[in-house]
Structures are given as structure tokens and as C-alpha cells.
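Start counting at 1 in the sequence shown, then tack on 37, and there's your number in the numbering used here.
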Amino acid sequence: MKNKADNKKRNFLTHSEIESLLKAANTGPHAARNYCLTLLCFIHG
Numbered sequence: 038m039k040n041k042a043d044n045k046k047r048n049f050l051t052h053s054e055i056e057s058l059l060k061a062a063n064t065g066p067h068a069a070r071n072y073c074l075t076l077l078c079f080i081h082g
């Protein structure tokens, strides 16, 4: 039987997930805007 800790959902992204998200946001025609908005949302929650 699983304990409650195994069923608990995460509330936060890991550091590597944030890096991957920012790397993906930094591509395309509006890379600077996407990167900035993604970082802003991450910092301010």
C-alpha cells in the first residue's frame, strides 16, 4: 500500500524544468518577450 507522500502532488517546478522551459521560450520570432514573460511568471509565482 502506498503512503500519503507518494500520492502528494508537486506544487513547484524543479530547477532543471525551469531551465528547459526558459530554453524553449527563448526560440522563435518573439524569443526575448517569451523568455522575459516566462521568467517573470516564475519569479512572481
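Even glycine gets a Cβ: it sits at the ideal position worked out from N, Cα and C.
In this text the structure is predicted, and so the values were computed from the model without any measurement.
Item	Value
Proximal residues to I55 (C-beta, below 7 Å), its chain only, five neighbours per side dropped	F79
Unbroken alpha helix (DSSP H) run spanning N63, endpoints	Element bounds for N63: n/a, residue is neither H nor E.
Which of helix, strand or coil DSSP assigns to L50	coil
Proximity below 8 Å, CB of A62 to CB of N48	no
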